[in-house]
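**Student:** Structure provided below as structure tokens; questions to follow.
Residue numbers (my numbering): 1252 to 1577.
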């Protein structure tokens, strides 16, 4: 991990923590003055955000440590676990908000108006969360940090929950007090959905799922763009933490020297490893004369049969001969 990425993701964690603490104080003050359930649910939401922000700060500190003897690939693979801690906090906050809203409706203990202060704090929350959402999403995607992307998703849904709370506050002010706990219930659903999104995305990192099809296509295209690579098969790409490990076989002319084959292998490795999502690349070189070409339906689907075997035809025309059957 570069020093620039390390500084950037740590800074994100600290900014998220500072904003959430400020929102806890603002919402908690209005909640204490008015007793609005919608404002209270938002205060609980921000408190949960602050708690998991501490987890993010600690987790990002660990994940941005440089490689060492016991962790030669660095510590980025801790990030999915950090994100799952975030999800646990999100689910806990959603459960607390839903419980308060439900008991309030059942007991009839609602009808408090939050007034102008409640409207202003919710509008301020929506604005602050939108800024955090855009910032975290940009940094998370640029730096390939699942923990920061998870924080972005939470901030995005906080915009929606603040809007739902605002509806409840306005409803209570205009003679529909039941909208206050109803809005709190809607807030809880948004919180639960955020937790689901975080779990869904990060489980793939932990179980070694394949990356998106666009990325796999680019990996294969980079292998085949070398003028002396005749084909590629047994292409495997999977997540190891938030990064991708790649292994594949390439076919080259069998009469090459070991030095020439090594140079081709190194060039393919360097080209694929230059992709920011990729951590490590393993390339096996096959002499085409061994006839080890394997029909690879996935490779053909990703880049097309003509592209996958285009180098073979080009080399054949350049040498003026036919390669024969594989």
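Just so you know, even glycine gets a beta-carbon here, dropped at the ideal spot from N, CA and C.
Please read these numbers as outputs of a predicted model, since none were measured by experiment.
Report buried or exposed for residue 1416, applying the criterion of at least 16 other Cβ atoms within 10 angstroms of its Cβ.
**Tutor:** For the purposes of this step, residue 1416 is taken as residue 165 along the chain shown, with counting starting at 1. It is buried - the Cβ of residue 1416 has at least 16 other Cβ atoms within 10 Å.
**Student:** According to DSSP, is residue 1264 part of a helix, a strand, or is it coil?
**Tutor:** Indexing the chain shown from 1 puts residue 1264 at position 13. Residue 1264: helix per DSSP, three-state reduction.
**Student:** Could you pull the start and end residues of the alpha helix (DSSP H) that residue 1513 belongs to?
**Tutor:** Reading the chain shown from its first residue, position 262 is the one you call residue 1513. 1509-1524 is the extent of the alpha helix (DSSP H) around residue 1513.
**Student:** Are residue 1270 and residue 1344 touching if we call contact CB-CB under 7 Å?
**Tutor:** The sequence position of residue 1270 within the chain shown is 19, counting from 1. The sequence position of residue 1344 within the chain shown is 93, counting from 1. Contact flag unset, no.
**Student:** Starting from residue 1424 and walking both ways along the alpha helix (DSSP H), at which residues does that stretch end?
**Tutor:** In the chain shown, counting from the first residue as 1, residue 1424 sits at position 173. Where residue 1424 is concerned, the enclosing alpha helix (DSSP H) stretches over 1397-1424.
**Student:** What residue range does the alpha helix (DSSP H) around residue 1474 cover?
**Tutor:** One-based indexing of the chain shown puts residue 1474 at position 223. 1464-1475 is the extent of the alpha helix (DSSP H) around residue 1474.
**Student:** Return the chain-ordered list of same chain residues with a C-beta closer than 7 Å to the C-beta of residue 1433, the five sequence neighbours on each side being excluded.
**Tutor:** Position 182 of the chain shown, counting from 1, holds the residue named residue 1433. Result list for residue 1433: 1419, in chain order.
**Student:** Counting C-beta neighbours from all protein chains within 10 Å, is the total for residue 1282 16 or more, i.e. buried, or is it exposed?
**Tutor:** Along the chain shown, read from residue 1 onward, the residue named residue 1282 stands at position 31. So residue 1282 ends up on the buried side.
**Student:** Rounding to the nearest angstrom, what Cα-Cα distance links residue 1268 and residue 1495 in this structure?
**Tutor:** Reading the chain shown from its first residue, position 17 is the one you call residue 1268. Reading the chain shown from its first residue, position 244 is the one you call residue 1495. Rounded to whole angstroms, residue 1268 to residue 1495 spans 29 Å at the Cα level.
**Student:** With a Cβ-Cβ cutoff of 7 Å, do residue 1442 and residue 1341 count as a contact?
**Tutor:** Translated into positions along the chain shown, residue 1442 becomes position 191. Translated into positions along the chain shown, residue 1341 becomes position 90. Yes, the Cβ-Cβ distance between residue 1442 and residue 1341 is below 7 Å.
**Student:** Compare the beta carbon distance of residue 1489 and residue 1535 with 7 Å and say whether it is the shorter of the two.
**Tutor:** Here residue 1489 refers to the residue found at position 238 of the chain shown. Here residue 1535 refers to the residue found at position 284 of the chain shown. No, they are not a contact pair.
**Student:** Give the DSSP-derived three-state secondary structure of residue 1300 in the structure shown.
**Tutor:** Taking the chain shown and counting its residues from 1, one reaches residue 1300 at position 49. Helix at residue 1300.
**Student:** Using the C-alpha atoms, what's the distance from residue 1403 back to residue 1339?
**Tutor:** For this step, residue 1339 is matched to residue 88 along the chain shown. For this step, residue 1403 is matched to residue 152 along the chain shown. For residue 1339 and residue 1403, the distance between alpha carbons rounds to 16 Å.
**Student:** Are residue 1398 and residue 1333 closer than 7 Å when you measure CB to CB?
**Tutor:** As a first step, residue 1398 is located in the chain shown; it is residue number 147 there, counting from the start. As a first step, residue 1333 is located in the chain shown; it is residue number 82 there, counting from the start. Yes, the pair counts as a contact, with Cβ atoms nearer than the cut-off.
**Student:** Any idea what DSSP makes of residue 1494, helix, strand or coil?
**Tutor:** In the chain shown, counting from the first residue as 1, residue 1494 sits at position 243. Strand at residue 1494.
**Student:** Determine the extent of the alpha helix (DSSP H) in which residue 1372 is found, giving its start and end residues.
**Tutor:** For this step, residue 1372 is matched to residue 121 along the chain shown. Per DSSP, residue 1372 belongs to the alpha helix (DSSP H) from 1366-1394.
**Student:** Quick one: give me the first and last residue of the beta strand (DSSP E) that residue 1536 is part of.
**Tutor:** As a position in the chain shown, residue 1536 is number 285, starting the count at 1. Looking at the DSSP string, the run of the beta strand (DSSP E) that includes residue 1536 is 1529-1538.
**Student:** Give the DSSP-derived three-state secondary structure of residue 1503 in the structure shown.
**Tutor:** Working through the chain shown from its first residue, we reach residue 1503 at position 252. Residue 1503 falls in the strand class under three-state DSSP.
**Student:** What number of angstroms, rounded off, separates the C-alpha of residue 1519 from the C-alpha of residue 1389?
**Tutor:** The count along the chain shown starts at 1 and reaches residue 1519 at position 268. The count along the chain shown starts at 1 and reaches residue 1389 at position 138. Straight-line Cα distance between these residues: approximately 29 Å.
**Student:** Residue 1379: which of 1357, 1366, 1406 and 1367 sits nearest, CA to CA?
**Tutor:** By one-based count along the chain shown, residue 1379 stands at place 128. With distances taken between Cα atoms, residue 1379 lies closest to 1406.
**Student:** By a C-beta neighbour count over all protein chains shown, 10 Å radius and 16 as the cutoff for buried, is residue 1533 buried or exposed?
**Tutor:** Numbered from 1 along the chain shown, position 282 holds the residue referred to as residue 1533. So residue 1533 counts as exposed.
**Student:** With DSSP collapsed to three states, give me the class of residue 1283.
**Tutor:** Reading the chain shown from its first residue, position 32 is the one you call residue 1283. Helix at residue 1283.
**Student:** Just mark residue 1401 as buried or exposed, buried being the case when its beta carbon has 16 or more other beta carbons within 10 Å.
**Tutor:** For the purposes of this step, residue 1401 is identified with residue 150 of the chain shown, where counting begins at 1. It is buried - the Cβ of residue 1401 has at least 16 other Cβ atoms within 10 Å.
**Student:** Run the CB neighbour count on residue 1557, radius 10 Å, all protein chains shown included, and call it buried at 16 or more, exposed below.
**Tutor:** As a first step, residue 1557 is located in the chain shown; it is residue number 306 there, counting from the start. Confidence at residue 1557 is low in this model, with a pLDDT of 37, below 50, so its placement is unreliable and the value that follows should be read with caution. Burial call: exposed.
**Student:** Mind checking whether residue 1436 and residue 1352 have CB atoms under 7 Å apart?
**Tutor:** Counted from its first residue, the chain shown places residue 1436 at position 185. Counted from its first residue, the chain shown places residue 1352 at position 101. A contact, by the Cβ cut-off of 7 Å.
**Student:** Roughly how many angstroms separate the alpha carbons of residue 1525 and residue 1411, rounded to a whole number?
**Tutor:** Within the chain shown, residue 1525 is the residue found at index 274, counting from 1. Within the chain shown, residue 1411 is the residue found at index 160, counting from 1. Near 38 Å, if we compare the C-alpha coordinates of residue 1411 and residue 1525.
**Student:** From the DSSP output, which residues share a beta bridge with residue 1487?
**Tutor:** Locating residue 1487 in the chain shown gives position 236, counting from the first residue. For residue 1487, which the question treats as bridged, DSSP gives the partners 1498.
**Student:** Can you tell me which of 1280, 1329 and 1430 puts its alpha carbon nearest to the alpha carbon of residue 1372?
**Tutor:** By 1-based counting over the chain shown, the position of residue 1372 is 121. Residue 1280 is the option with its Cα nearest to residue 1372.
**Student:** For residue 1461 and residue 1486, what's the separation of their Cα atoms in angstroms?
**Tutor:** Position 210 of the chain shown, counting from 1, holds the residue named residue 1461. Position 235 of the chain shown, counting from 1, holds the residue named residue 1486. Computed Cα separation, rounded: 11 Å.
**Student:** When DSSP labels each residue in this structure, what does residue 1459 get in the three-state scheme?
**Tutor:** On the chain shown, position 208 is the one that residue 1459 refers to. Reduced to three states, the DSSP call for residue 1459 is coil.
**Student:** Report the partner residues of residue 1482 according to the DSSP bridge assignment.
**Tutor:** Here residue 1482 refers to the residue found at position 231 when the chain shown is read from its first residue. In DSSP, residue 1482 forms a bridge with 1502.
**Student:** Quick one: what does DSSP say residue 1429 is sitting in, helix, strand or coil?
**Tutor:** As a position in the chain shown, residue 1429 is number 178, starting the count at 1. Three-state result, residue 1429: coil.
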